[in-house]
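Asker:
Residue numbers (this note's numbering), protein chains in the order written: chain Z, 1 to 365; chain D, 1001 to 1365; chain W, 2001 to 2365; chain S, 3001 to 3365.
1. Taking buried to mean at least 16 other C-beta atoms within 10 Å of its own C-beta, is residue 2099(W) buried or exposed?
2. Just the chain W side, please: which residues come within less than 7 Å of residue 1223(D) by C-beta, in chain order?
3. At a CB-CB cut-off below 7 Å, which residues of chain W make contact with residue 3069(S)?
4. Could you work out which residues of chain W lie near residue 3209(S), taking near to mean beta carbons separated by less than 9 Å?
5. Determine, using beta carbons only, whether residue 2198(W) comes closer than 8 Å to chain D.
6. Would you grab the beta carbon distance between residue 3169(S) and residue 3302(S) for me? Rounded to a whole angstrom, and I think it's under 8 Å.
7. Which chain D residues are close to residue 3202(S), counting only those with a beta carbon under 9 Å from its beta carbon?
8. Taking Cβ positions, are residue 1262(D) and residue 1186(D) nearer each other than 8 Å?
9. Could you tell me whether the Cβ atoms of residue 1082(D) and residue 1056(D) are closer together than 8 Å?
10. Return the residue from the list 3027(S), 3313(S), 3103(S) and 3106(S) that minimises the CA-CA distance to residue 3068(S).
11. For residue 2120(W), which of helix, strand or coil comes out of DSSP?
12. Could you have a look at residue 1362(D) and say whether DSSP puts it in helix, strand or coil?
13. By the 10 Å Cβ neighbour count, where 16 or more other Cβ atoms means buried, how is residue 2350(W) classified, buried or exposed?
14. Can a CB atom of chain D be found closer than 8 Å to the CB of residue 3079(S)?
15. Determine the direct distance from the alpha carbon of residue 106(Z) to that of residue 116(Z), and round the result to whole angstroms.
16. If you reduce the DSSP assignment to three classes, tell me which class residue 326(Z) lands in.
17. Between which two residues does the alpha helix (DSSP H) holding residue 1077(D) run?
18. Would you mind listing the beta strand (DSSP E) stretches within the stretch 1127–1177 of chain D that are 3+ residues and don't spill past its ends, in chain order?
19. Which same chain residues end up closer than 7 Å to residue 314(Z) when comparing Cβ atoms and leaving out the 5 residues on each side of it in sequence?
20. Which word fits residue 1354(D), buried or exposed, when buried means at least 16 other C-beta atoms lie within 10 angstroms of its C-beta?
21. What three-state label does DSSP hand residue 3103(S) in the structure shown?
22. Starting from the C-beta of residue 3199(S), find all residues in its chain whose C-beta is less than 6 Å away, skip the five residues before and the five after it, and write them out in chain order.
23. Pull up the distance between the alpha-carbon of residue 2015(W) and that of residue 2038(W), whole angstroms please.
24. Which residues in the same chain have their Cβ closer than 8 Å to the Cβ of residue 3237(S), if we skip the five residues on either side of it in sequence?
25. How close, in whole Å, do the beta carbons of residue 1225(D) and residue 1124(D) come, if the pair is a contact with beta carbons under 8 Å?
26. Measuring CA to CA, which of 2289(W), 2320(W), 2336(W) and 2046(W) is closest to residue 2363(W)?
27. Once DSSP output is grouped into helix, strand and coil, what is the label at residue 1239(D)?
28. Using the Cα positions of residue 122(Z) and residue 195(Z), report the straight-line distance between them to the nearest angstrom.
29. Can you give the Cα-Cα distance for residue 3309(S) and residue 2275(W), rounded to whole angstroms?
30. Please state the DSSP three-state secondary structure of residue 1044(D).
31. Residues in the same chain with beta-carbon distance under 6 Å from residue 1233(D), minus the five sequence neighbours each way, listed in chain order, please.
32. Which residues of chain D have a Cβ atom closer than 7 Å to the Cβ of residue 2254(W), listed in chain order?
33. Does any C-beta atom of chain A lie closer than 8 Å to the C-beta of residue 1194(D)?
34. Identify, in the order they occur along the chain, each residue of the same chain with its Cβ nearer than 6 Å to the Cβ of residue 3268(S), setting aside the five sequence neighbours on each side.
35. Would you check if the stretch 1068–1080 of chain D and the stretch 311–327 of chain Z touch, i.e. whether three or more CB-CB distances between them fall below 8 Å?
36. Considering Cα atoms alone, identify which of 3243(S), 3118(S) and 3304(S) is closest to residue 3164(S).
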């Protein structure tokens, strides 16, 4: 009844071979984003849905309480929701299973020969699992081969993880600075959106007229994952970066879009304009390869004094750009700025899809 | 820097003659919507901008604090903001001037030969001004001729108004019921979005953790305009409908989308399923004519128990569909339901644009 | 009209016999309100706590995540949370158990000889259970005797219920009008606060930038309970009032305070000033008896155009007054107004406590 | 650690001489707080009201749109609102005038012999104006004498300022650490409430579903004022502290209560438990003197992982305590924690009143 083309954002840039895709955790907040972003995707077609909840056995139209603006894509309505177990009718899987379930379920999919693109935290810190942001550390995907050998996965299967939503936005902002000037330490204070907690997530009564200064496990994830993301690829593992990372995390009453107040200390001196320019001019491999979900600019620098803002900037670049503003010298560390990323697109479903697009382009699939 | 095509919603369906358009009140909330919706419009091209505030004399990029998600369209950035006085370099004007200024300014534009599509309340209740919703009372546009003669406007100029945002959503919901069963009385209780008050509008401190049971002039507008909209065209004026209309209006802490709890008493008996069907099957002249901004379905009926919702449904049909749910028999009047319309698209800028498209199609321009 | 003492924390008016009180559902939203309101109460002292969840066996300080502003009262911190089963160390119980559990648990407490003051919906519509609002239908408490005999409860035990939170505010507003002019029909549209759904209640992601047009069972409760509340006491039951009642219910993003847009049709004609005066001058038995929790004015009429508002008016009369504003003639029914009541004080815990105070005063305890 | 009497409305501890007080800026957000907090104050009685807006010449009941929960105190309703010019019928003035007007108006009041307790930023950084927080730097009030001499004020008149709302909460949190271990640098990221911007302040449309990363002048104020507050009193001026201070400020959609994420580097090593203890045990002169508005504990340390929270903790100590939680070692600086203060009580009106109470106790008035 609702015209789905009105809701469609990302458009195909070319026609290529199509991979059949399974979504694990298909009824959740991130699962719905996967389905929305993959509707009309030129390379991936959703052919299987799985969930760990009681929705198993129903068709998706009945199993899923669709909570995104716009209508559920027609193409998935009649798919049956299955348990998150191989075999599934697909060539690869995107997983947004809860961490507790993902640990084993994703492992079993890889063991059964499926490439697994995981948004879960279960395997992120394992030494042979790439923690990938294509613009930041695409060379880490070489770990896929290491992992396949060590774990004896067949058919080129692997588990590849995207980082935590805040760690992605932070790492994207740090990447150009680290590359040019070296980052010695970073202190980030987050103001994170409600959708990051999934559904039902935070009780409305707890966040009404309020801010919550605690998100379970979040500060630890940002502090540890950022070091792995920015680490150097060794022979069979990533040497974590020695950057000192401090995170203070807060939940604010915003639907989508994580805001990060960042302070950085640089290894090498740099002028304010150099810092701005490093951020504003940053482009990387996904832009070169013109990957379907790659934004033209991974970082958008805005010079107005009151940007970025979640409601105005979260959808920039189709939700795949990080918007940065308020770049200034800092009296305690060297520089400070504010960064904003869409937590369920660039920070979750879109991140995993971009990873998969990179692996297609690099011949891993 | 932000790719504006990512933000674009409505796409041209065909290429036709282009009219040059001026926007009066271009820097305000509705003015910005006009510009957003007219970007890439097949028939209208924005060539002039005017505002009554101190932004006059600056280019739009500097004059306007753009507050819509997505970037300001490139095509208007370098246009100069002029005072709202003829002549302007355009064939017709869309006006979202404040009512106090609109009264005289719009009159002077019409007198100078410009067709005026007004979103202001200034002229709505004048007997020779059509108060137009193309799906509801397109025959009222015949008043344009009456008006032109009475007021001695030249060149086919006229003032044509779209109704108040809530009155539009209400009238669209009533139209199919009135047409089939007759509406004897209607009681509507609104929960209206913040954008309806423009900018700065409601102070955040007044609406935080709160509901405001008062919107100046709103109940009166809904009660009087609805009777004119649903009235019958006489020889030189509209005979207002005798329907009894009661409105209680509230401001809620929602960015966009007015929610209306409606109860109606019908003249002729009707079963619940007939009522639902009358709403769900409603289409009218704009759909027949395939007007560019006309949604495929002016009314979308949803049968889930918890719809419509502002955040999920306001953008349905590109913001031009009214979503209706919770249709049920009512113990006091006959039927009740909940309706939701996007107040700055279907309720303001989109309404005026659809009106202009109809007048183009009917040869009035 | 509002006097500042209405806003003070409620203070004892005299020293009387103290009853030992048990709270069923002590860890929930309403349970916490019971404990807060009973701290320093002159007649009731909390001596036992019970809950149906996994908090059983812990002391309250550990079992309860206290979510009200202000600290947990010292006096309950070391009480053990027990299962909701007799015997409990108390003379009477206040119950805010979930309806599914309350049905049997409350019955068993009454059977064991405890007077039960229930905020649950489980027994409200049973013919021998008083659905009591002391200002509205205090004569209904005579049903306690009927019930005791019919059910063979010992020691003067009974189950006495307070109505649904919205039904209480509505009935208080209708009582003076019904008494003087007769109410023929009433149509109420509610905008209800988050705390009414308990905790965790509504997911924050569902209500952010949104209104929900659905609260399970709420419209039915308001429509049926109001008729019983305003009904006439017969020999062994209440004859429900023939008033036609229509309710449309919405959840809004407000922490506390239900707002009701009300339209009424009266049996006997009345002028606007008479209607206002009937509301503003309303006082009843609890005020005469100077019950501890009775507000000086059960209804506060405000004449400003933008009142009542949840954030500003919910705590009037210590949360026990209903604030009414925007009284006006209505084109469809006869009169309309907006009413506001604190849903967890006058609409829940405070309602049950006032009921208990009345029964003490009347010698039922 | 929190005792329930901390939450009670502040009560007189003894009866003393009463001073007649004038409020400058009486109709604003902070002006209303002054009036609310001074109602029933044992030492100060409001006898004069002034405002710079068009409310002059009306009685306060008509001039002021009272926006605090609870009713306007009876005692001020019939006071006339006068222009902010001497003479006023009072012994001293509290000023919350806008900075632009305060600069001259406050100077003229002091010149006319009135002690001026200013919440405005106009004179804060002048070398002979004490920037006072009684628990932190009460010795700075000796500057009043210096100032009186230098400026030749008569009758012991002076201008005494309280700091910016965020600077107060920050300085209170730093004071015990600075006293015991020395603070070398501090980086604070604020999430500030709407009431801090006054009324109308932030437009609701700008903050709905959003965070604003910019508050004009706020970062500068926090960075400079904190150094003066923590500076050492010299012979005729304060030597600003050499502490490095970095502030990033954000506006969040919360009515009252500023949340501060703080990181500190200490001069002398200290263990986590020592840091916690230094904060939790902090008391100072106002507590010794038992000043009326002094909270029993200026800092309340909470050990739950998810506190402090604005809605739950802002009213602690009658709004005069700062609540601190999440104390932990920090990988970049030495320690981090989250602090919460009520911005219009401890951060504005209450701050000025406590200052005045101290000056009474010290014989300056």
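Cβ coordinates follow ideal geometry from the N, Cα and C atoms, glycine included. Remember, predicted model here, so these are calculated numbers, not experimental data.
Answerer: Let's see:
1. Locating residue 2099(W) in the third chain gives position 99, counting from the first residue. It is exposed - the Cβ of residue 2099(W) has fewer than 16 other Cβ atoms within 10 Å.
2. Indexing the second chain from 1 puts residue 1223(D) at position 223. The CB of residue 1223(D) comes closer than 7 Å to the CB of 2331 in chain W, given here in chain order.
3. The residue labelled residue 3069(S) in the question sits at position 69 within the fourth chain. 2311, 2312 and 2315, listed in chain order.
4. Taking the fourth chain and counting its residues from 1, the one referred to as residue 3209(S) is at position 209. The answer, in chain order, is 2208 and 2209.
5. Counted from its first residue, the third chain places residue 2198(W) at position 198. Not one beta carbon of chain D lies nearer than 8 Å to the beta carbon of residue 2198(W).
6. For the purposes of this step, residue 3169(S) is identified with residue 169 of the fourth chain, where counting begins at 1. For the purposes of this step, residue 3302(S) is identified with residue 302 of the fourth chain, where counting begins at 1. Their Cβ separation, rounded to whole angstroms, is 15 Å, which puts residue 3169(S) and residue 3302(S) out of contact at 8 Å.
7. Residue mapping note: residue 3202(S) aligns to position 202 of the fourth chain, counting from 1. What residue 3202(S) touches in chain D: 1200, 1203, 1204 and 1205.
8. In the second chain, the residue the question calls residue 1262(D) occupies position 262. In the second chain, the residue the question calls residue 1186(D) occupies position 186. Against a cut-off of 8 Å, the Cβ pair of residue 1186(D) and residue 1262(D) comes out as a contact.
9. Here the question's residue 1082(D) lines up with position 82 in the second chain. Here the question's residue 1056(D) lines up with position 56 in the second chain. Yes, they are a contact pair.
10. As a working note, residue 3068(S) is residue 68 in the fourth chain. A check of alpha carbon separations from residue 3068(S) across 3027(S), 3313(S), 3103(S) and 3106(S) identifies 3027(S) as the nearest.
11. For this step, residue 2120(W) is matched to residue 120 along the third chain. Correct three-state label for residue 2120(W): coil.
12. The residue you call residue 1362(D) lines up with position 362 of the second chain. Looking at residue 1362(D) - three-state DSSP - the assignment turns out to be coil, as it is neither helix nor strand.
13. Here residue 2350(W) is taken as the residue at index 350 of the third chain, counted from 1. With 16 or more other Cβ atoms inside 10 Å of its own Cβ, residue 2350(W) counts as buried.
14. Taking the fourth chain and counting its residues from 1, the one referred to as residue 3079(S) is at position 79. It does not; no Cβ of chain D falls within 8 Å.
15. Your numbering for residue 116(Z) matches position 116 in the first chain. Your numbering for residue 106(Z) matches position 106 in the first chain. One C-alpha to the other measures close to 7 Å.
16. Locating residue 326(Z) in the first chain gives position 326, where the first residue counts as 1. Residue 326(Z): strand per DSSP, three-state reduction.
17. Mapped onto the second chain, residue 1077(D) falls at position 77. In the DSSP assignment, residue 1077(D) falls within the alpha helix (DSSP H) that extends over 1074–1077.
18. Counting only runs of 3 or more, we get 1159–1161.
19. The residue you call residue 314(Z) lines up with position 314 of the first chain. Counting only Cβ-Cβ distances below 7 Å, and skipping sequence neighbours, we find 256, 257, 340 and 342.
20. Indexing the second chain from 1 puts residue 1354(D) at position 354. Per the 10 Å Cβ criterion, buried.
21. In the fourth chain, residue 3103(S) corresponds to position 103, counting from 1. Looking at residue 3103(S) - three-state DSSP - the assignment turns out to be helix.
22. On the fourth chain, position 199 is the one that residue 3199(S) refers to. The residues 3029, in chain order, have a CB closer than 6 Å to that of residue 3199(S) in the same chain once the five nearest residues on each side in sequence are set aside.
23. On the third chain, position 15 is the one that residue 2015(W) refers to. On the third chain, position 38 is the one that residue 2038(W) refers to. The predicted position of residue 2015(W) is uncertain, since its pLDDT is 48 and thus under 50; no value can be drawn from it.
24. Numbered from 1 along the fourth chain, position 237 holds the residue referred to as residue 3237(S). Correct list, in chain order: 3127, 3128, 3143 and 3146.
25. In the second chain, the residue the question calls residue 1225(D) occupies position 225. In the second chain, the residue the question calls residue 1124(D) occupies position 124. That pair is a contact at about 6 Å.
26. Counting from one through the third chain, the residue named residue 2363(W) turns up at place 363. Of the listed residues, the one whose Cα sits closest to residue 2363(W) is 2289(W).
27. In the second chain, counting from the first residue as 1, residue 1239(D) sits at position 239. Three-state DSSP puts residue 1239(D) in a strand.
28. Residue mapping note: residue 122(Z) aligns to position 122 of the first chain, counting from 1. Residue mapping note: residue 195(Z) aligns to position 195 of the first chain, counting from 1. So the two alpha carbons sit approximately 19 Å from each other.
29. For the purposes of this step, residue 3309(S) is taken as the residue at position 309 of the fourth chain. For the purposes of this step, residue 2275(W) is taken as the residue at position 275 of the third chain. One C-alpha to the other measures close to 44 Å.
30. Locating residue 1044(D) in the second chain gives position 44, where the first residue counts as 1. Residue 1044(D) falls in the strand class under three-state DSSP.
31. As a first step, residue 1233(D) must be located in the second chain, where it is residue number 233. In the same chain as residue 1233(D), and ignoring 5 residues on each side of it, the C-beta atoms closer than 6 Å to its own belong to 1139 and 1140, in chain order.
32. Locating residue 2254(W) in the third chain gives position 254, where the first residue counts as 1. Residues of chain D passing the Cβ test: 1209, 1210 and 1211.
33. The chain labelled as chain A is not found among the protein chains of the depicted structure, namely Z, D, W and S.
34. Position 268 of the fourth chain, counted from the first residue, corresponds to residue 3268(S). Here residue 3268(S) has 3181 and 3182 as same chain residues with Cβ atoms under 6 Å from its own Cβ, once five neighbours each way along the sequence are excluded.
35. Touching, yes, given that three or more Cβ pairs across the two stretches are closer than 8 Å.
36. Stepping through the fourth chain from its first residue, residue 3164(S) is reached at position 164. The closest CA to that of residue 3164(S), considering only 3243(S), 3118(S) and 3304(S), is found on 3118(S).
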